[in-house]
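Which chain is which? The protein sequence lines are E and V, in order.
For the first sequence, our numbering gives the first residue as 371, with consecutive numbering after it.
For the second sequence, our numbering gives the first residue as 221, with consecutive numbering after it.
We put the CB at the ideal spot given by N, CA and C, even for glycine.
Report on the following structure.
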Amino acid sequence: MPADPSMKIMVVDDMSTMRRIVKNLLKQLGFANVDEAENGQEALIKLRADKFGFVVSDWNMPVMSGIQLLKAIRADEALKAIPVLMVTAEAQKENIIEAVQAGVSNYVVKPFTAEILQEKMAKIFK
Amino acid sequence: MNDSNRKLYGELGELTRYIENTMRQLRCVEAPVEETTAQLPQASEHLSDLAKLTEEGTHRVMELTEELQDNRRLVAQSLKELATVPLGSPNSTPADRLAAIATLLAADDKRLMDIMTALSFQDLVAQRIKKIITILDDVEHKLLQMVVVFGAKQNGAQTPNGKADQMLKELEASRSTALKQDLVDDILGQFGFN
Chain E
371 MPADPSMKIM VVDDMSTMRR IVKNLLKQLG FANVDEAENG QEALIKLRAD KFGFVVSDWN
431 MPVMSGIQLL KAIRADEALK AIPVLMVTAE AQKENIIEAV QAGVSNYVVK PFTAEILQEK
491 MAKIFK
Chain V
221 MNDSNRKLYG ELGELTRYIE NTMRQLRCVE APVEETTAQL PQASEHLSDL AKLTEEGTHR
281 VMELTEELQD NRRLVAQSLK ELATVPLGSP NSTPADRLAA IATLLAADDK RLMDIMTALS
341 FQDLVAQRIK KIITILDDVE HKLLQMVVVF GAKQNGAQTP NGKADQMLKE LEASRSTALK
401 QDLVDDILGQ FGFN
């Protein structure tokens, strides 16, 4: 099913500049309903409090990492179906394998372009 | 055995004990030195990568900015021509000219988005800096361990073994906390570093 432009998206990254960049790119792609969190724990609280259609998360974050967030989402009955896109500088094979085994929907390596983000989202929401 | 031989024998014994003690201390710091030797090149590599990332990111932003500037000049020129070229000109209609301007502006939209993504180099730089800070904290910790181990009997600072062990334990415990500067200063002060 194509992505709904009005769906609420959660952007998770400990760097405020990165959150701003991803938020801007999503806006350019037509997705203006975006919330932010600076770590997995904060994201999880917000995800459980409202209805979200998509999560874009970094890997390395304090308090709760992206992979821990992903596992928590997949373990939560109310959240497990939410697509999760990992956007991260970690490009080692074992990281990708771990993310896939944890149930990631797709994986983008930093630095990335708007086209790559769009392409990955199109694959998730086809 | 006469007095001079006895004295020589005693000094040889003293020297042997000193060598043995030093060898024992060297064995204690062997591991920290090895680990530090491996970590410092990593820190250098991260620093080189930082310089490269910031340079590449900055160049990309400047390149896109220059393209935007060139495009704005073209748009300004096109608008000027639109105002001066007579209507019904055989070469192009106002609609064609406006469409051309719209195309130029659409290209600028993409450049502005590319500037945003190019600025993500800041995030990569920050991650590398964090790794360097971790390495330096670790190296500092190991150097202090060596100071404690070697400095226990240096320069008359007869720090009892118990005190040295206590300091090492405190140093180890402080690894996970940010407030270790007092302990660092205390240790350095004990061994003559002021």
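{"query": "With N291(V) and L339(V) assumed to form a contact (beta carbons below 8 Å), what rounded beta-carbon distance in angstroms separates them?", "result": "With a Cβ gap of about 20 Å, N291(V) and L339(V) do not count as contacting."}
{"query": "For P375(E), which residues from the same chain have a beta carbon less than 7 Å from its beta carbon, with the 5 sequence-adjacent residues on both sides left out?", "result": "G400 and F401"}
{"query": "Determine the DSSP secondary structure at T458(E), reduced to helix, strand or coil.", "result": "strand"}
{"query": "So, for R444(E): in the same chain, excluding its five sequence neighbours on each side, which residues have a beta-carbon less than 6 Å away from its beta-carbon?", "result": "K450 and G473"}
{"query": "Run down chain E in chain order and give the residues with a C-beta less than 7 Å from the C-beta of Q262(V).", "result": "Neighbours of Q262(V) on chain E: none; closest Cβ ~16 Å, over 7 Å."}
{"query": "Assign R244(V) to buried or exposed, taking buried as 16 or more other Cβ atoms, counted over all protein chains shown, within 10 Å of its Cβ.", "result": "exposed"}
{"query": "Can you give me the Cβ contacts of L270(V) inside the same chain, cut-off strictly under 6 Å, excluding the 5 residues immediately before and after it?", "result": "V345 and R348"}
{"query": "Using a Cβ-Cβ cutoff of less than 6 Å, which residues in the same chain neighbour A459(E) once the five nearest sequence positions on both sides are dropped?", "result": "K480"}
{"query": "Report yes if the CB atom of V457(E) is closer than 7 Å to the CB atom of V470(E), and no otherwise.", "result": "no"}
{"query": "Could you name the residues that DSSP lists as bridge partners for D290(V)?", "result": "Beta-bridge pairing links D290(V) to no other residue."}
{"query": "What's the call for M385(E), buried or exposed, on a 16-neighbour Cβ count within 10 Å?", "result": "buried"}
{"query": "Would you decide whether S224(V) is buried or exposed? Buried here means 16 or more other CB atoms lie within 10 Å of its CB.", "result": "exposed"}
{"query": "By the three-class DSSP mapping on this structure, what secondary structure does N476(E) have?", "result": "strand"}
{"query": "Using the Cβ count rule (16 or more neighbours within 10 Å means buried), how would you classify V367(V)?", "result": "buried"}
{"query": "Kindly list, in the order they appear in chain E, the residues whose Cβ is closer than 9 Å to that of M188(V).", "result": "There is simply no residue 188(V) to check, as chain V begins at 221 and stops at 414 in what is shown."}
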